[in-house]
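Quick notes on the structure that follows.
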Amino acid sequence: MLDVLYFAWVRERIGMPKERVETQATDVAGLIEELKAREARYALAFSDLSALRVAVDQDLADFDAPLAGVREVAFFPPMTGG
Amino acid sequence: MLDVLYFAWVRERIGMPKERVETQATDVAGLIEELKAREARYALAFSDLSALRVAVDQDLADFDAPLAGVREVAFFPPMTGG
Amino acid sequence: MRIRVQNAAFDIGAELAEFSNVRPEIGAIVSFTGMVRDSEGRLDHMEIEHYPAMTERAITAIAEEANTRWSLGDVLVIHRFGRLQPGEAIMMVATAAPHRANAFAAAEFLMDYLKSRAPFWKKEVTRDGAAWVAARDVDEAALSRWRD
Amino acid sequence: MRIRVQNAAFDIGAELAEFSNVRPEIGAIVSFTGMVRDSEGRLDHMEIEHYPAMTERAITAIAEEANTRWSLGDVLVIHRFGRLQPGEAIMMVATAAPHRANAFAAAEFLMDYLKSRAPFWKKEVTRDGAAWVAARDVDEAALSRWRD
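Residue numbers (my numbering), protein chains in the order written: chain A, 1 to 82; chain B, 1001 to 1082; chain C, 2001 to 2148; chain D, 3001 to 3148.
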């Protein structure tokens, strides 16, 4: 079981900030495929991965990051701090 | 007649901040030669021109700057503002 | 190193004044303040969302990197989240170093990383609706100058 | 454009706070403060001499150049002369621009020019005697990056 978090327009498209996800995926890309298969709002949110960033256990990561031992995955658009 | 001003260690070596100078020189380099010929303290102050800067009527200038119409010449070491 | 992530407004002048009480070897202090812009006079307010569990860690890592690279005497980073009005300060960075080159470089480095690597997202709410601020290519490109 | 050459101490925080009351298109404010350093714990005080008839003109010219190059919303330069104690602020520069790149570049430009082209001379008085601060080659070299 993973905590999956969404921020900014990813949160708005999916319609919630956070959910518990039961997954068979071994990496972030696999998790995304499972989520996209659920419902249109997920498919829409994940339709362009170049517009998305991911953090694994609160560190920025790549889409091929493994999920073994991971507790929290977050998806969001490119950051606009400062 | 010119006002000649001295700053920082140039002022200290020559022993005064300002003097009125009657000169025949047509440029700054000529003025320096006249001053050096006066006394040892001037010769010492002007012994290394690479360590000196000059302003003519309050604008930074080169040593070959002409003196026609000029009212004020200032000599000083490289500036250390900021 | 002083890192603060907060909803509350802060006093730019008081922060700089306090930060400038430094050790005697410090000769240079640089500050950057980012303000809520309203270039077209249409902004009602800005909403800044962040990722609480990650924000302070990410900023601390960035500040430690700056500290190591430029041997800073001190670093300050304040970043707000929540609802902000036009003209309010969003964030502030300050760096202290013996000479100006390091203080400037560290402040620019911090800003480049905070822009694109700290988990904040800005939304502008105007009279015509709300829109997420898009990341600028120029901000991503700015990071490349710090890679060895 | 606000240029001040003065003997009196100034309040860094109050100056930045006042400067940050800017027009709505300003998103970035950079400040630099130069402090009297005492890296070896031997400094009694610093004396700053200047060329009154030239100082304000020279600084105004430098600030106008920065304004033109980077389309600044505002520029502040304060520079002290006379006797200063260790830890006191010698001078301060602030720049305001829509985005951070221009605000940073303009502040660095101003500092590079003030260091080597504004008519100030610093003398350090220690318990062992007094010595004029020598210009640093690195400061003269820094100017070359601004030539087209």
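We put the beta carbon where it would ideally sit given N, CA and C, even for glycine.
CB contact check: residue i to chain D, cutoff 8 Å
i, result
"residue 1060 of chain B", "yes"
"residue 2026 of chain C", "yes"
"residue 1079 of chain B", "yes"
"residue 2110 of chain C", "no"
"residue 2080 of chain C", "no"
"residue 2062 of chain C", "no"
"residue 1030 of chain B", "no"
"residue 1082 of chain B", "yes"
Contact with chain A by residue i, beta-carbon distance below 8 Å
i, result
"residue 2049 of chain C", "yes"
"residue 2132 of chain C", "yes"
"residue 2001 of chain C", "no"
Closer than 7 Å: residue i CB and nearest the ligand HEM heavy atom
i, result
"residue 17 of chain A", "Of ligands this structure carries none, so the ligand HEM is not represented either."
Proximity of residue i and residue j at Cβ, strictly below 8 Å
i, j, result
"residue 3013 of chain D", "residue 2017 of chain C", "yes"
"residue 2118 of chain C", "residue 2059 of chain C", "yes"
"residue 44 of chain A", "residue 75 of chain A", "no"
"residue 1079 of chain B", "residue 3146 of chain D", "no"
"residue 2034 of chain C", "residue 2097 of chain C", "no"
"residue 2086 of chain C", "residue 3024 of chain D", "yes"
"residue 3022 of chain D", "residue 3104 of chain D", "no"
"residue 3032 of chain D", "residue 2142 of chain C", "no"
Proximity winner among the options, relative to residue i (alpha-carbon distances)
i, options, result
"residue 2076 of chain C", "C/2101, C/2111, C/2008 and C/2130", "C/2111"
"residue 13 of chain A", "A/56, A/42, A/31 and A/23", "A/42"
"residue 3046 of chain D", "D/3138, D/3127 and D/3024", "D/3127"
"residue 2136 of chain C", "D/3099, D/3134 and D/3132", "D/3099"
"residue 3144 of chain D", "D/3054, D/3064, D/3063 and D/3116", "D/3116"
"residue 66 of chain A", "A/48, A/32 and A/50", "A/32"
"residue 8 of chain A", "C/2103, C/2132, C/2003 and C/2138", "C/2132"
"residue 50 of chain A", "A/38, A/15, A/63 and A/19", "A/63"
"residue 2102 of chain C", "D/3041, D/3108 and D/3101", "D/3108"
Those residues which DSSP pairs with residue i across a bridge
i, result
"residue 1066 of chain B", "B/1027"
"residue 2162 of chain C", "Because chain C in this structure spans residues 2001 to 2148, residue 2162 of chain C falls outside the shown range and cannot be described."
"residue 3095 of chain D", "D/3030 and D/3075"
"residue 3113 of chain D", "Its beta-bridge partners do not exist; DSSP assigns none."
"residue 2035 of chain C", "C/2089"
"residue 2137 of chain C", "The partner list for residue 2137 of chain C (beta bridge, DSSP) is empty, contrary to what the question assumes."
"residue 1035 of chain B", "Answer is none; residue 1035 of chain B lacks a bridge partner."
Any C-beta of chain C under 8 Å from that of residue i
i, result
"residue 3020 of chain D", "yes"
"residue 3114 of chain D", "no"
"residue 15 of chain A", "no"
"residue 75 of chain A", "no"
Cβ neighbours of residue i in the same chain (closer than 8 Å, five flanking residues each side left out)
i, result
"residue 61 of chain A", "28, 54 and 55"
"residue 2008 of chain C", "2080"
"residue 24 of chain A", "30 and 34"
"residue 3073 of chain D", "3022, 3023, 3025, 3026, 3096, 3097 and 3098"
Interface flag, residue i vs chain B, CB-CB below 8 Å
i, result
"residue 3091 of chain D", "yes"
"residue 3146 of chain D", "no"
"residue 3010 of chain D", "no"
Close-in-space but distant-in-sequence residues of the same chain around residue i (CB under 6 Å, 5 per side omitted)
i, result
"residue 3055 of chain D", "3005 and 3119"
"residue 1021 of chain B", "1002 and 1004"
"residue 2049 of chain C", "2121"
"residue 3113 of chain D", "3062"
Own chain residues within Cβ distance below 7 Å of residue i, not counting five before or after
i, result
"residue 1070 of chain B", "1002, 1056 and 1057"
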